[in-house]
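One structure below.
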């Protein structure tokens, strides 16, 4: 039993450290996931929306530290109970997301590994069983090294995680797991399954209906709904409440979608800019939340860039009309922009659709060095 306890302890500890670290490098990304849970369509607790980033930083560091403390074997009761309560909490979240199809990705492993809602729930169930086992077998959990050294290691981990999280917020994530990472080609990421000769996913609609007489609620798939006209014919006692898409069979889904550059009167300029050899995208995903200091700094930088490098195409994109450095903005989807770069505002360098560099507004390159980033 002692050996089994050590195996479970090491497995759970390492899993918590890995899960926490991939979110620690990108706390802003996890804060977006928390905002989804706080939205009116899910738990409707909008007052927590402004606290999403602080909560994100706390949770991701806390998760890593629980894994570290479990491996070190210090503060056993505190660590094991916190682990168990945290897993119970996330089990509820993932079950709610899966059953009601509210949040399609729990963000458990950030952007490094995407899990479907039910996969996330089953993963949490396994962890719940393992953490419960550890609670009952905690007498077999001992320190690997002396207490003073354990505390030193714990403090080092805490400082390191705090620095990683700070860097991800103040600058950019140290590791980028997204489809817009440096070296990735946007045009390639947009190609459909048909273009790549792969099998696309099979999608089916599910209809939720309510009977006006009995108030019975049912869910029927698209095939049954269309085949049985008493659900939809004139005079039917059934009302359509909602529809949702269900994946019948998995297939290839392009990692990049909803990428369209709408430049007003010029129309869709996506293909034009993705074919240019030198493009600097000035991105403001959420103007209402953008740093005023950052906007002023980027505006000054853009004006200098236009004067010194007329051959570079400067593309100012935002989710709203916004003039920066005398460059009018084209419109793009806010979620796409938030995914491209976490800094708000920030800049992305493109060479024929390939991301060659990214900079937060605090780290803009010197004008004389701009060409080296393509």
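In UniProt numbering, the protein residues as written are 1 to 374. Every residue, glycine too, gets a C-beta built ideally from N, C-alpha and C. Quick caveat, the model's predicted, so the values are computed rather than measured.
What separation, rounded to the nearest whole angstrom, lies between the Cα atoms of residue i and residue j?
i           : j           : result
residue 374 : residue 276 : 11 Å
residue 166 : residue 52  : 15 Å
residue 155 : residue 122 : 33 Å
residue 69  : residue 151 : 9 Å
residue 286 : residue 137 : 49 Å
residue 350 : residue 99  : 41 Å
residue 307 : residue 323 : 17 Å
residue 157 : residue 103 : 31 Å
residue 162 : residue 181 : 23 Å
residue 13  : residue 130 : 11 Å
residue 185 : residue 339 : 15 Å
Are the CB atoms of residue j and residue i within a distance shorter than 8 Å?
i           : j           : result
residue 9   : residue 134 : yes
residue 93  : residue 16  : no
residue 205 : residue 231 : no
residue 317 : residue 283 : yes
residue 364 : residue 313 : no
residue 380 : residue 153 : With the chain covering only 1 through 374, there is no way to say anything about residue 380.
residue 49  : residue 35  : yes
residue 114 : residue 124 : no
residue 343 : residue 331 : no
residue 64  : residue 29  : no
residue 260 : residue 315 : no
residue 120 : residue 108 : yes
Nearest to residue i by alpha carbon, out of the options?
i           : options              : result
residue 288 : 78, 334, 244 and 188 : 334
residue 278 : 48, 353 and 206      : 353
residue 198 : 253, 304 and 44      : 253
residue 60  : 192, 221 and 160     : 160
residue 346 : 372, 290 and 126     : 290
residue 235 : 191, 245, 83 and 211 : 211
residue 126 : 228, 111, 139 and 88 : 88
residue 358 : 174, 47, 249 and 76  : 174
Go ahead and label residue i buried or exposed: buried means 16 or more other beta carbons lie within 10 angstroms of its beta carbon, across all protein chains shown.
i           : result
residue 146 : exposed
residue 240 : exposed
residue 238 : buried
residue 243 : exposed
residue 38  : buried
residue 202 : exposed
residue 302 : buried
residue 361 : buried
residue 271 : exposed
Starting from residue i, trace the beta strand (DSSP E) in both directions and tell me its first and last residue.
i           : result
residue 157 : From DSSP, residue 157 is part of no beta strand (DSSP E) but of the alpha helix (DSSP H) over 147-170.
residue 286 : Where residue 286 is concerned, there is no enclosing beta strand (DSSP E), given that its DSSP letter is neither H nor E.
residue 346 : 346-351
residue 203 : 202-211
May I ask which residues mark the beginning and end of the alpha helix (DSSP H) holding residue i?
i           : result
residue 340 : 334-340
residue 296 : 292-308
residue 252 : Careful: residue 252 lies outside any alpha helix (DSSP H) and carries neither H nor E.
residue 270 : 270-274
residue 359 : It is not in any alpha helix (DSSP H) - residue 359 instead sits in the beta strand (DSSP E) that spans 354-360.
residue 220 : Looking at the DSSP string, residue 220 is not in any alpha helix (DSSP H); the run it does join, the beta strand (DSSP E), is 217-221.
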